[in-house]
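Colleague:
Residue numbers (the numbering used here): 1265 to 1530.
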């Protein structure tokens, strides 16, 4: 037994053991507990009452839909602002300094709560009222680096021979962008969408701080139920959110496959 154990430790398969243990403790077990609590009541009996409660409360459904809307708006704004920024950072003619890349990534090194509190202080300094506009601004400010970096990484590694081929075929700059650059950069765009859309739905601290808790997102609803010891209903809401995120992830994967299978630029 000891020899087999030593042989296992000396093999490459043993390298995966720490990751398996970590995943089991911090991923598999929490997800299992969410599923168990979502489909049971306070007495531990199997039930669908938690999901029924969600669909019977218009307020919870409205919060869920509103959160999706905020996430979509935030993602769209991040794309509109992040793509040009990533293009400038990746273009050696427009950006010759790596310092600019660090400045865009620098906010990711600061805790999200600290950044949000700084945003609240900034709005207070300029007497800007807190509300929905401040919420969207805070969302974009906090998550736009997660949009810029994957797009920048994709654009930087792009094979420029495709762009040169499009130019040789007589394409103007707009056609080069639409027919060559944009399709080739879609994997980075999709990664950025996932990295912005998913945390925006589940966040609650940004909404609480930038709206003085006047606007509730779905993450706030889950937090309130958990804090009020309504574990079963909170777990059901968490599972609904996880299913939405999983569906979004599958949609993103399908889009990447279709992009890769497209092959041609035209």
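Just so it is clear, CB atoms sit at the ideal spot from N, CA and C, and this is done for glycine as well.
Return the first residue and the last residue of the alpha helix (DSSP H) that residue 1473 is part of.
Modeller: 1469 to 1474
Colleague: Would you kindly work out how many angstroms separate the C-alpha atoms of residue 1500 and residue 1319, rounded to a whole number?
Modeller: 11 angstroms
Colleague: Suppose you measure from the CA of residue 1300 to the CA of residue 1379; what does that come to, to the nearest Å?
Modeller: The alpha-carbon separation between residue 1300 and residue 1379 amounts to approximately 35 angstroms.
Colleague: Are the stretch 1410 to 1420 and the stretch 1341 to 1356 touching by the rule of at least three beta carbon pairs closer than 8 angstroms?
Modeller: yes
Colleague: Count the CB pairs spanning the stretch 1488 to 1503 and the stretch 1279 to 1299 that are closer than 8 angstroms, and state whether there are at least three.
Modeller: yes
Colleague: Evaluate residue 1385 with the Cβ neighbour count: other Cβ atoms within 10 Å of its Cβ, from every protein chain shown; 16 or more gives buried, anything less gives exposed.
Modeller: exposed
Colleague: Kindly give me the distance between the Cβ atoms of residue 1394 and residue 1494, rounded to whole angstroms, as I take these residues to be in contact under 8 angstroms.
Modeller: In fact, because the Cβ distance is near 28 angstroms, the residues do not count as touching under 8 angstroms.
Colleague: Between the C-alpha atoms of residue 1455 and residue 1513, what's the straight-line distance to the nearest angstrom?
Modeller: 10 angstroms
Colleague: Whole angstroms is fine: what's the gap from residue 1509's alpha carbon to residue 1373's?
Modeller: Going from the Cα of residue 1509 to the Cα of residue 1373 covers about 25 angstroms.
Colleague: Return the residue from the list 1428, 1313 and 1328 that minimises the CA-CA distance to residue 1483.
Modeller: 1328
Colleague: Between the C-alpha atoms of residue 1443 and residue 1343, what's the straight-line distance to the nearest angstrom?
Modeller: If you take the alpha carbons of residue 1443 and residue 1343, they lie about 18 angstroms apart.
Colleague: Once DSSP output is grouped into helix, strand and coil, what is the label at residue 1312?
Modeller: coil
Colleague: State yes or no: is the C-beta of residue 1407 within less than 8 angstroms of the C-beta of residue 1463?
Modeller: yes
Colleague: First and last residue of the alpha helix (DSSP H) that includes residue 1434?
Modeller: No alpha helix (DSSP H) contains residue 1434, which DSSP labels as neither H nor E.
Colleague: If you count every other CB in all the chains shown that lies within 10 Å of the CB of residue 1293, and 16 or more means buried, which is it?
Modeller: exposed
Colleague: Where does residue 1314 land, buried or exposed, given buried means 16+ other C-beta within 10 angstroms?
Modeller: buried
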